[in-house]
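Residue numbers for the sequence shown follow my numbering, so the first one is 2 and each next one is one higher. Below you'll find the structure, written out as C-alpha cells, and then a few comments.
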Amino acid sequence: MQKSFSFALFTLFTMVWFIACDPATSPTVKYGQVSDFAKACASGSQCQSLRCIEMNEIMACTRYCEQASDCPDNFYCAIEAGDDPEKLMGLCRPLDADVICKRCSNDTQCAIIGGTCKPFAASTYCLMDCTLDECPNGYTCTPIDDSSYCTPDTGECECNTLKEGDRRACSFENEYGECSGAMTCLGEAGWATCDASMPGPEVCDTIDNNCDGSIDEGILGTVNHCSECGDVCQGGGFSGTQPVCLENVCGLACGANYFDANANSQDGCECMDDTFGAVTAADAISQGSFTSCDFSHQITESRVPGDATHQAHNDYIKFNYEDVWNCQIELAVHLRVPSSAATHVFCVSNANVTTESSWTCKTVAPGTAQNIEPNGNNGAYYVKVGLLNPGDANCSNYLLTICEGGRCP
Numbered sequence: 002m003q004k005s006f007s008f009a010l011f012t013l014f015t016m017v018w019f020i021a022c023d024p025a026t027s028p029t030v031k032y033g034q035v036s037d038f039a040k041a042c043a044s045g046s047q048c049q050s051l052r053c054i055e056m057n058e059i060m061a062c063t064r065y066c067e068q069a070s071d072c073p074d075n076f077y078c079a080i081e082a083g084d085d086p087e088k089l090m091g092l093c094r095p096l097d098a099d100v101i102c103k104r105c106s107n108d109t110q111c112a113i114i115g116g117t118c119k120p121f122a123a124s125t126y127c128l129m130d131c132t133l134d135e136c137p138n139g140y141t142c143t144p145i146d147d148s149s150y151c152t153p154d155t156g157e158c159e160c161n162t163l164k165e166g167d168r169r170a171c172s173f174e175n176e177y178g179e180c181s182g183a184m185t186c187l188g189e190a191g192w193a194t195c196d197a198s199m200p201g202p203e204v205c206d207t208i209d210n211n212c213d214g215s216i217d218e219g220i221l222g223t224v225n226h227c228s229e230c231g232d233v234c235q236g237g238g239f240s241g242t243q244p245v246c247l248e249n250v251c252g253l254a255c256g257a258n259y260f261d262a263n264a265n266s267q268d269g270c271e272c273m274d275d276t277f278g279a280v281t282a283a284d285a286i287s288q289g290s291f292t293s294c295d296f297s298h299q300i301t302e303s304r305v306p307g308d309a310t311h312q313a314h315n316d317y318i319k320f321n322y323e324d325v326w327n328c329q330i331e332l333a334v335h336l337r338v339p340s341s342a343a344t345h346v347f348c349v350s351n352a353n354v355t356t357e358s359s360w361t362c363k364t365v366a367p368g369t370a371q372n373i374e375p376n377g378n379n380g381a382y383y384v385k386v387g388l389l390n391p392g393d394a395n396c397s398n399y400l401l402t403i404c405e406g407g408r409c410p
C-alpha cells in the first residue's frame, strides 16, 4: 500500500514537470532583431526579448545586442549579464541625457541607461559601460577599475556635449556685495563665463550696482540727484543758504547759524546768529564785574535770530556785582527790544542762584523795555535772553544794560 502511494506521487510530479517545461508552452528568448522594439509593455513576458525596460518615460520592449550597429539611433548597446559567460551580450538602452553623468549614490539610480554609479572627478556619477558600444559624441571610453566607461571630454559631468544649454547658478562677491547670475554649458567648450554683474559702489544710474535689492539707495533724492539722476539742486548763491532736496523736490535751506527772518527762502537766509552767550546756565559767559557805584553799564547789543522753522539758542550770560558801602543803589537788569523785533523773554537770577526755575522772568514786547531787580547784594548774577515763541521771525538786536533801579535808560 505504501509503495503504491509513493509510485503514484512520483508519477504526478513527473507529469507536472514535463508540462511546465514543455517548449510549446514556455516563452523563448529572441536575440537580435525583434518586431516589438519600443512597444509599450507591462512585463517582460509581453516582449519577444523577454525584456521590458524604461525608455522615453514609458515601459517598453527592447532587444538584445552585441555591437553598436544592433541598436537604433539614440540608443546604445549596454552590457548585460547573460546565461553564457563566454558571450558578451547587451541590451539596447536609451541615451538619456538626464541620467548620463548624473550625480548618484547607487547603481539603481543609473538603471535606465544600464549604467554604474562610479567615482569620477569630485563625486560619483552614472557612467555608461563602453565594452560593446561607442561613447556618445563628447565622451571618451576610459578604463576604470575592471571595465571601461564613457567619461566626458570636458573632465566634468555637469557640463558636456549632452548637457549643452544647461545653466547653473553663479555669483561674484567683493567688498561691495554679492551679485547672482548663471553660467551656460557650451558643450565641448565647457562652462561659459558667469553672467552675474560685478558688485560695485552704488551710483545714480537706475541700476542696483551692489545687488542688495535697492536701486540708487542713498543717492537718488539727494541734492546732486534730486528728482532723477543728474538733477542737481542749485544753491542760489546767497550767503548762508544751501540747496536741499526734500521729497525729491529741490529747495533752499539755511546753513548753520543762518536764519530766514523774512520767510522768503528765494532771497537766501539773510540773518546770521552772532552766537553771543552760552547755550546753558552752567556755561554762561561772564561779562565782567560791577559795583553799586557804576551807575549804568551796557553789557551787550546782541540778537537771538529765528525764522518759521527754528530759532537760535537762548543767550546765557553772567556778571559779578558788589554792593559798595557808600553807594546805596538798587541793582536792575534792563532789556530793550526794538520795534522791528519779535517778543522776547528774559530772566535774571538772584545772587549766586543757578537754578533757572527760581529766576525772575518777564516778556518784552517789540518797541518796549523791562527791568528786573534781583534780590541780593554781592555775588554772581545770571541772565537768560531768548524769543518767546518758536517760529517767531527775528533779526533785530536786543540791548541789555546793568543799571541803577531808578536810572535805567
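Idealized CB from N, CA, C, for every residue including glycine. Please read all numbers here as calculations on a predicted model, not as lab measurements.
- The Cβ-Cβ distance between T132 and R94 does not fall below 9 angstroms.
- Looking at the DSSP output, L401 bridges to T301, L336.
- In the structure shown, L221 falls within a coil segment according to DSSP collapsed to helix, strand and coil.
- Judged by beta-carbon spacing, G188 lies within the 9 angstroms limit of C160, meaning their Cβ atoms are closer than that value.
- With respect to the C-alpha of D324, the residue from I318, G377, S359 having the closest C-alpha is G377.
- Between the segment 174-182 and the segment 147-159 there are fewer than three inter-stretch CB-CB distances shorter than 8 angstroms, so the stretches are not counted as touching.
- Two segments are said to touch when three or more pairs of C-beta atoms, one from each, lie closer than 8 angstroms; by this definition the segment 302-312 does not touch the segment 329-336.
- Note on geometry: alpha-carbon atoms of N107 and Q47 lie some 29 angstroms from one another.
- Between the segment 355-366 and the segment 257-269 there are fewer than three C-beta pairs closer than 8 angstroms, too few to call the two in contact.
- Straight through space, the alpha carbons of L401 and T344 are spaced by roughly 15 angstroms.
- When rounded, the separation of the alpha-carbon atoms in P120 and G214 is 40 angstroms.
- Within 10 angstroms of the beta-carbon of A342 lie 16 or more other beta-carbons, which makes it buried.
- Per the DSSP secondary-structure output, V365 pairs in a beta bridge with H345.
- When I300, Y32, E81, G139 are compared, the shortest CA-CA separation from T117 is found for E81.
- The three-state reading of DSSP puts E248 in coil, since its state is none of H, G, I, E or B.
- Counting along the chain, C151 sits inside the beta strand (DSSP E) bounded by residues 148-153.
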